[in-house]
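Q:
Residue numbers (my numbering), protein chains in the order written: chain A, 1 to 113; chain B, 1001 to 1112.
1. Start and end of the beta strand (DSSP E) containing residue 10 of chain A?
2. To the nearest angstrom, how far is the alpha carbon of residue 1094 of chain B from that of residue 62 of chain A?
3. Tell me the DSSP secondary structure of residue 1077 of chain B in three-state form.
4. Chain B beta carbons: is any one of them nearer than 9 Å to that of residue 35 of chain A?
5. Could you check which residue in B:1018, B:1012, B:1045 and B:1032 has the C-alpha nearest to that of residue 1005 of chain B?
6. I want to know whether the region 88-102 of chain A touches the region 24-37 of chain A - three or more CB-CB distances under 8 Å.
7. Residue 95 of chain A by DSSP, collapsed to three states: which one?
8. Looking at chain A, which residues of the region 1010-1033 of chain B have a Cβ within less than 8 Å of any of its Cβ atoms?
9. On the DSSP bridge assignment, give the partners of residue 1042 of chain B in chain order.
10. Could you tell me which of B:1016, B:1049 and B:1038 sits nearest to residue 1065 of chain B, measuring between CA atoms?
11. Using only the alpha-carbon positions, how far apart do residue 22 of chain A and residue 1039 of chain B sit?
12. What is the DSSP secondary structure of residue 101 of chain A, counted as helix, strand or coil?
13. Does the beta carbon of residue 90 of chain A sit closer than 9 Å to a beta carbon anywhere in chain B?
14. Decide if the region 1015-1035 of chain B is in contact with the region 1072-1082 of chain B; the criterion is three or more beta carbon pairs, one per stretch, under 8 Å apart.
15. Could you please give the first and the last residue of the uninterrupted beta strand (DSSP E) stretch that includes residue 1003 of chain B?
16. Is residue 86 of chain A closer than 9 Å to residue 111 of chain A when the C-beta atoms are compared?
17. By Cβ distance below 7 Å, which residues in the same chain neighbour residue 1081 of chain B in space, the five residues on each side in sequence not counted?
18. Would you check if the distance between the CB atom of residue 1007 of chain B and the CB atom of residue 1024 of chain B is smaller than 9 Å?
19. Return the chain-ordered list of same chain residues with a C-beta closer than 7 Å to the C-beta of residue 1045 of chain B, the five sequence neighbours on each side being excluded.
20. If we count the other Cβ atoms within 10 Å of its Cβ and call it buried at 16 or more, is residue 1101 of chain B buried or exposed?
21. Note down the Cα distance separating residue 1088 of chain B from residue 19 of chain A, rounded to an integer number of angstroms.
22. What did DSSP end up calling residue 108 of chain A once you bin it into helix, strand or coil?
23. By the 8 Å beta-carbon criterion, what residues does the region 1042-1055 of chain B contribute toward chain A?
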């Protein structure tokens, strides 16, 4: 059984740029959620995807967008990067939608300069 | 909106001492989950509580869900250095959208 994987591990961008982060869900999981974890904080829910459709969204602006592909892998896109977007971005897959047990990937550390 | 608060923010204990972290929600929860994040790592699922007043044990860890389903606690007996990390509770209000709300976590350090 393959766990959740994310790429890249680290990324440095400058303010105003765009970024795409990628996630492969655990085998057998059809639901993917994305979280933002600022230093010293808990993960904050960005959105969830199920069967290639957005299934729920947290309090994040529209410049945060996502995709889910037929193989259940997913992308998180952030446009017009701001300094406050610097954080660890975590992808989590689950067996069911809603707030089912989250299996987190190792995360992508994004630094915006 | 729904908020989940955790206390304390930090806890330093001597190896062998007990440790407890508390979680309080502003709204009634459908379920509560606990995760552990080691330094430099990612959150790892520990347990889910669903029923009012539920108590679950995992070896030295005891998890409780309050009668009103608005609070929860994690108690570790006789801490070990392997218990080091940040413990998060995460609550769901049962809405149709998967908005799991995490607390800010309790960072546990254990002195050998």
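For glycine and all other residues, C-beta sits at the position ideal for the given N, C-alpha and C.
A: To lay it out plainly:
1. Membership of residue 10 of chain A in the beta strand (DSSP E) is indicated by the continuous run 10-13.
2. It is roughly 24 Å from the alpha-carbon of residue 1094 of chain B to the alpha-carbon of residue 62 of chain A.
3. Correct three-state label for residue 1077 of chain B: coil.
4. Judged by the 9 Å Cβ criterion, residue 35 of chain A is in contact with chain B.
5. Distance from the Cα of residue 1005 of chain B is smallest, within the candidate group B:1018, B:1012, B:1045 and B:1032, for B:1032.
6. Taking one beta carbon from each stretch, the region 88-102 of chain A and the region 24-37 of chain A have 3 or more pairs nearer than 8 Å; the two touch.
7. Coil.
8. So the list reads 1030, 1031 and 1033, given in the order they occur along the chain.
9. None; residue 1042 of chain B has no bridge partner.
10. The closest CA to that of residue 1065 of chain B, considering only B:1016, B:1049 and B:1038, is found on B:1049.
11. Whole-angstrom Cα-Cα distance: 23 Å.
12. Assignment of residue 101 of chain A by DSSP, reduced to helix, strand and coil, places it in the coil class.
13. By this cut-off, residue 90 of chain A is an interface position.
14. A contact is defined here as three or more CB-CB pairs under 8 Å, and the region 1015-1035 of chain B meets this definition with respect to the region 1072-1082 of chain B.
15. Looking at the DSSP string, residue 1003 of chain B is not in any beta strand (DSSP E), and its letter there is neither H nor E.
16. Residue 86 of chain A is positioned such that its CB atom lies closer than 9 Å to that of residue 111 of chain A.
17. The beta carbon of residue 1081 of chain B is closer than 7 Å to those of 1015, 1110 and 1112 in its chain, skipping five residues each way along the sequence.
18. Yes. Within cutoff.
19. Around residue 1045 of chain B: 1033 and 1035.
20. The residue is buried, with at least 16 neighbouring Cβ atoms inside 10 Å.
21. Approximately 28 Å, taken between the alpha carbons.
22. Strand.
23. The region 1042-1055 of chain B vs chain A, Cβ under 8 Å: 1042, 1043, 1044, 1045 and 1048.
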